[in-house]
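Numbering (full-length UniProt numbering), first residue to last: 1 to 154.
Report on the following structure.
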Amino acid sequence: MITVYGVPGWGSTISELMLSLADIPYEVVDVEGFDQPGPARERLRQINPLCQVPTLRLADGSIMTETAAIALMILDQRPDLAPAPGTPQRPQFQRLLVWLVANVYPTFTYADYRNAGRPPPRSSWWRIVASTGKISISGSNSSWPPGRGRWARR
Numbered sequence: 001m002i003t004v005y006g007v008p009g010w011g012s013t014i015s016e017l018m019l020s021l022a023d024i025p026y027e028v029v030d031v032e033g034f035d036q037p038g039p040a041r042e043r044l045r046q047i048n049p050l051c052q053v054p055t056l057r058l059a060d061g062s063i064m065t066e067t068a069a070i071a072l073m074i075l076d077q078r079p080d081l082a083p084a085p086g087t088p089q090r091p092q093f094q095r096l097l098v099w100l101v102a103n104v105y106p107t108f109t110y111a112d113y114r115n116a117g118r119p120p121p122r123s124s125w126w127r128i129v130a131s132t133g134k135i136s137i138s139g140s141n142s143s144w145p146p147g148r149g150r151w152a153r154r
């Protein structure tokens with residue numbers, strides 16, 4: 001079974017969602033607090049010296065990190081979850097997957113830590129997401145409504 005080291009609403013959300021959609025069994029080790037010194041950080045450091053989420057321990061014991069790589073690994077088992085290779089939609093899917101992890105994730109990290117001890121500023125982008133309740137990428141003809149339970153925005 002796959003073990004996902006993550007925190008609700010953090011970077012592990014995409015991996016957990018894809019595993020669920022793919023009907024791949026997994027368990028979650030909640031490492032909330034990993035971003036500060038303490039037991040959660042040490043637990044995560046034992047398997048990922050970079051202390052990043054998501055970190056997956058695969059069934060064979062190997063470690064997998066990086067959201068885009070995890071998504072592509074899951075798609076190897078369930079290719080029906082994304083546009084098929086060779087279709088006009090596939091390059092757009094690949095672009096959006098990499099765009100999300102390369103451009104959106106870093107903005108949250110910066111906003112969370114640039115002024116330690118002060119609330120993070122709310123960017124225009126996040127205000128739009130929060131007010132509409134969905135992420136819609138211009139030209140993609142798709143949107144992602146926030147989930148319930150573990151995937152719900154806090």
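Don't be surprised by glycine CBs; every beta carbon is placed ideally from N, CA and C.
Keeping to the same chain, check which residues put their C-beta closer than 8 Å to that of residue i; ignore five residues upstream and five downstream.
| i | result |
| --- | --- |
| residue 50 | 65 |
| residue 98 | 68 |
| residue 48 | 5, 55, 63, 65 |
Along the chain, where does the beta strand (DSSP E) containing residue i start, and where does it finish?
| i | result |
| --- | --- |
| residue 63 | 63-65 |
| residue 27 | 26-30 |
Beta-carbon separation of residue i and residue j under 9 Å?
| i | j | result |
| --- | --- | --- |
| residue 24 | residue 57 | no |
| residue 68 | residue 101 | yes |
| residue 59 | residue 14 | no |
Grab me the residues of residue i's own chain with a C-beta within less than 6 Å of its C-beta, minus the 5 sequence neighbours each way, in chain order.
| i | result |
| --- | --- |
| residue 19 | 26 |
| residue 45 | 51 |
| residue 12 | 4, 6, 53, 54 |
Near residue i, which residues of its chain fall below 7 Å by C-beta distance, leaving aside the five closest residues on each side in sequence?
| i | result |
| --- | --- |
| residue 73 | 64 |
| residue 84 | 90 |
Buried or exposed for residue i, going by 16 or more other Cβ atoms inside 10 Å?
| i | result |
| --- | --- |
| residue 52 | buried |
| residue 193 | This structure gives no information on residue 193, because the portion of the chain shown stretches from 1 to 154. |
Which whole-angstrom value describes the C-beta separation of residue i and residue j, a residue pair presumed to lie in contact below a C-beta threshold of 8 Å?
| i | j | result |
| --- | --- | --- |
| residue 155 | residue 33 | This structure does not reach residue 155, given that the chain is present from 1 up to 154, and the question cannot be answered. |
Can you name the start and end residues of the alpha helix (DSSP H) that residue i belongs to?
| i | result |
| --- | --- |
| residue 21 | 13-21 |
| residue 97 | 89-99 |
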